[in-house]
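In the working numbering, the protein residues as written are 10 to 217. Please read the structure below before turning to the comments.
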């Protein structure tokens with residue numbers, strides 16, 4: 010009864026804002042859409058209650074029953090479905106069907122199962138690194154971003170602003186000579202000219 014009361018309280022307080030987990034927006038870490046289902050026993054019980062024609066005449070609110078018996082909300086439910094079925098079919102505190110519930114058996118989160126779709130439908134960027142069973146690894150993307158493993162730990166190369174300084178023209182004349190050799194249009198020279206001016210400014214600051 011306490012579990013049922015808790016579920017009923019959650020329904021009255023949060024039903025207007027609670028999201029159904031079977032709305033197609035739940036994924037595992039690999040991008041497979043997740044579907045929440047009841048256990049086979051609870052699924053059969055929920056089906057009997059919903060198709061039994063006694064929802065509207067039940068002591069329990071019909072809206073609550075449809076919420077409680079929807080697998081999309083199952084991870085937050087604790088009530089025993091067979092207990093709910095007894096209330097719906099045999100209302101009253103002294104119904105013969107209630108005897109089997111004289112001893113409380115807590116189910117916890119054992120009242121639902123989660124299935125992942127076979128195909129990946131959510132594309133996510135590859136991370137720089139990850140870990141499996143506590144062991145770190147660096148992905149191909151991470152290698153491109155300068156990450157590496159050292160002693161089992163993930164490290165990243167420091168970014169050197171002047172690492173390509175040797176390839177940068179030292180004078181404006183050298184810059185234009187290289188541009189002529191490459192036979193480039195004037196419109197495409199602006200990024201290179203910016204790089205030259207930016208590098209020259211930092212060279213001057215270092216010399217000071």
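Every residue gets a Cβ at the ideal spot worked out from N, C-alpha and C, and that includes glycine.
Which of helix, strand or coil does DSSP assign to residue i?
{"i": "residue 164", "result": "strand"}
{"i": "residue 72", "result": "helix"}
{"i": "residue 144", "result": "strand"}
{"i": "residue 125", "result": "strand"}
{"i": "residue 40", "result": "coil"}
{"i": "residue 135", "result": "coil"}
{"i": "residue 78", "result": "coil"}
{"i": "residue 46", "result": "strand"}
{"i": "residue 17", "result": "helix"}
{"i": "residue 28", "result": "coil"}
{"i": "residue 255", "result": "The shown model of the chain, from 10 to 217, leaves out residue 255, and the question about it has no answer."}
{"i": "residue 170", "result": "Residue placement at residue 170 is poorly supported in this model, since its pLDDT is 47, which falls under 50; the coordinates still yield a value, given next. Reduced to three states, the DSSP call for residue 170 is coil."}
{"i": "residue 64", "result": "coil"}
{"i": "residue 151", "result": "helix"}
{"i": "residue 198", "result": "Note that residue 198 scores 48 on pLDDT, short of 50, meaning its location in the model is unreliable; the coordinates nonetheless yield the value given after this. Three-state DSSP puts residue 198 in a helix."}
Work out the CA separation of residue j and residue i for me, nearest whole Å.
{"i": "residue 79", "j": "residue 24", "result": "12 angstroms"}
{"i": "residue 137", "j": "residue 57", "result": "50 angstroms"}
{"i": "residue 29", "j": "residue 71", "result": "18 angstroms"}
{"i": "residue 246", "j": "residue 31", "result": "Residue 246 lies beyond the residue range present for the chain, which begins at 10 and ends at 217; the question has no answer from this structure."}
{"i": "residue 151", "j": "residue 159", "result": "14 angstroms"}
{"i": "residue 69", "j": "residue 42", "result": "33 angstroms"}
{"i": "residue 73", "j": "residue 129", "result": "34 angstroms"}
{"i": "residue 21", "j": "residue 91", "result": "22 angstroms"}
{"i": "residue 82", "j": "residue 145", "result": "35 angstroms"}
{"i": "residue 49", "j": "residue 156", "result": "47 angstroms"}
Can you check which of these residues, the options, is closest to residue i by C-alpha distance?
{"i": "residue 52", "options": "156, 162, 62, 94", "result": "94"}
{"i": "residue 126", "options": "39, 66, 15, 69", "result": "39"}
{"i": "residue 153", "options": "92, 160, 166, 77", "result": "166"}
{"i": "residue 8", "options": "96, 22, 142, 141", "result": "Coverage of the chain is limited to positions 10 through 217, which leaves residue 8 absent and any answer about it impossible."}
{"i": "residue 131", "options": "26, 14, 34, 19", "result": "34"}
{"i": "residue 37", "options": "149, 124, 19", "result": "124"}
{"i": "residue 98", "options": "81, 15, 64", "result": "64"}
{"i": "residue 89", "options": "139, 47, 161", "result": "47"}
{"i": "residue 161", "options": "155, 149, 139", "result": "139"}
{"i": "residue 18", "options": "156, 119, 86", "result": "86"}
What are the partner residues of residue i, as DSSP defines its beta bridges?
{"i": "residue 90", "result": "For residue 90, which the question treats as bridged, DSSP gives no partner whatsoever."}
{"i": "residue 157", "result": "164"}
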